[in-house]
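Engineer:
Printed below as a string of structure tokens:
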């Protein structure tokens, strides 16, 4: 039996994009936390939560950040110790060819939604002296041809993390950007198809490896802040 005091000491971690490759790996790696798993598909969320007795679903549409405040109030989240921004979208294309709809969608999901969700949850995170982790990308450090909209969103996410870190240091909230290289996920399969290449998952980082890196960030001793963490495939 879990006592009330034990529950209060247990971190409460909200993960966005929880049904994706890295998100699901995070949920399993952090199974000893009380988990709030965000996604758009309630059935997929409930299936994942069924595997994790300390997890509950949170349905948010990240393309509509204007709905977050009301939905979070209805969800009655309670404590939030950690916020892991893992959700993201990518659509490759040259700047001369991509429409403003793709740019708007990419920036909304990859930047505006994390900014809005963070702002709404900051009072809870401050009370917990918690952590905010932005799962970024190697594209947040260097932009390549055909990656303009995605890289722009990830550069912006890096700026959001840097600003938030400076703003919240005095409140005890630690902020980290994690920059995985190519990871073996469904999103990576889509990217490789768009690039016209043959997919070989053995060339890429396993989602569980990225998840373990995030777990270290969350559980690192309080005498330090891991501001940025880069994770690269060992096979090239």
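Numbering (the working numbering), first residue to last: 9 to 244. Virtual Cβ for every residue (Gly too), placed ideally from N, Cα, C.
For the alpha helix (DSSP H) that contains residue 93, what are its first and last residues?
Structural biologist: Mapped onto the chain shown, residue 93 falls at position 85. Annotation: residue 93 is outside any alpha helix (DSSP H); the continuous beta strand (DSSP E) that includes it extends over 90 to 93.
Engineer: Our contact map puts residue 188 next to residue 233 with C-beta atoms below 8 Å; I'd like the distance itself, whole angstroms only.
Structural biologist: Taking the chain shown and counting its residues from 1, the one referred to as residue 188 is at position 180. Taking the chain shown and counting its residues from 1, the one referred to as residue 233 is at position 225. Their Cβ separation, rounded to whole angstroms, is 19 Å, which puts residue 188 and residue 233 out of contact at 8 Å.
Engineer: What number of angstroms, rounded off, separates the C-alpha of residue 152 from the C-alpha of residue 71?
Structural biologist: Along the chain shown, read from residue 1 onward, the residue named residue 152 stands at position 144. Along the chain shown, read from residue 1 onward, the residue named residue 71 stands at position 63. Taking the straight line joining both Cα atoms gives about 25 Å.
Engineer: Compute the Euclidean distance between the alpha carbons of residue 105 and residue 227, then round it to the nearest angstrom.
Structural biologist: Along the chain shown, one-based indexing puts residue 105 at 97. Along the chain shown, one-based indexing puts residue 227 at 219. One Cα belongs to residue 105, the other to residue 227, and the distance between them is close to 43 Å.
Engineer: For residue 47, tell me which candidate among 69, 157, 63 has the shortest Cα-Cα distance.
Structural biologist: The residue you call residue 47 lines up with position 39 of the chain shown. Of the candidates 69, 157, 63, the one whose C-alpha sits nearest the C-alpha of residue 47 is 69.
Engineer: If you follow the alpha helix (DSSP H) that residue 110 is in, where does it begin and where does it stop?
Structural biologist: Here the question's residue 110 lines up with position 102 in the chain shown. Looking at the DSSP string, the run of the alpha helix (DSSP H) that includes residue 110 is 108 to 115.
Engineer: With respect to the alpha helix (DSSP H) encompassing residue 30, which residues constitute its N-terminal and C-terminal limits?
Structural biologist: Counting from one through the chain shown, the residue named residue 30 turns up at place 22. Taken as a continuous stretch (DSSP letters only), the alpha helix (DSSP H) holding residue 30 covers 29 to 37.
Engineer: Identify which residue in 241, 41, 146, 213 has its Cα closest to the Cα of residue 92.
Structural biologist: Mapped onto the chain shown, residue 92 falls at position 84. When C-alpha distances from residue 92 are compared across 241, 41, 146, 213, the shortest belongs to 41.
Engineer: Using DSSP's beta-bridge definition, name the partner residues of residue 187.
Structural biologist: For the purposes of this step, residue 187 is identified with residue 179 of the chain shown, where counting begins at 1. Paired residue(s): 238.
Engineer: Hey, how far is the Cα of residue 177 from the Cα of residue 206?
Structural biologist: Numbered from its first residue, the chain shown carries residue 177 at position 169. Numbered from its first residue, the chain shown carries residue 206 at position 198. Those two C-alpha atoms are separated by around 44 Å.
Engineer: Measuring CB atoms only, is the region 138 to 148 touching the region 168 to 187, in the sense that at least three cross pairs come out at less than 8 Å?
Structural biologist: yes
Engineer: With 16 other CB atoms within 10 Å as the buried threshold, where does residue 112 fall?
Structural biologist: As a working note, residue 112 is residue 104 in the chain shown. Exposed, by the Cβ-count rule.
Engineer: What runs of the beta strand (DSSP E), each 3 residues or longer, lie entirely inside the region 101 to 180?
Structural biologist: 139 to 143
Engineer: Measure the C-alpha to C-alpha separation of residue 84 and residue 102 and round it to an integer number of angstroms.
Structural biologist: If you number the chain shown from 1, residue 84 lands on position 76. If you number the chain shown from 1, residue 102 lands on position 94. Roughly 43 Å between the two C-alpha positions.
Engineer: Helix, strand or coil: how does DSSP classify residue 200 here?
Structural biologist: Taking the first residue of the chain shown as position 1, residue 200 is located at position 192. Residue state, collapsed to three classes: helix.
Engineer: Report the three-state DSSP secondary structure of residue 215 (helix, strand or coil).
Structural biologist: Taking the chain shown and counting its residues from 1, one reaches residue 215 at position 207. DSSP places residue 215 in helix when its eight states are reduced to three.
Engineer: Who are the near neighbours of residue 18 in its chain, counting only those whose CB is closer than 6 Å to its CB and skipping five residues on each side?
Structural biologist: What you label residue 18 is simply residue 10 of the chain shown in a count that begins at 1. Answer for residue 18: 42, listed in chain order.
Engineer: What's the C-alpha gap between residue 31 and residue 107?
Structural biologist: Position 23 of the chain shown holds residue 31. Position 99 of the chain shown holds residue 107. Near 28 Å, if we compare the C-alpha coordinates of residue 107 and residue 31.
Engineer: Any idea what DSSP makes of residue 22, helix, strand or coil?
Structural biologist: Within the chain shown, the letter at position 14 stands for residue 22. It is a strand residue.
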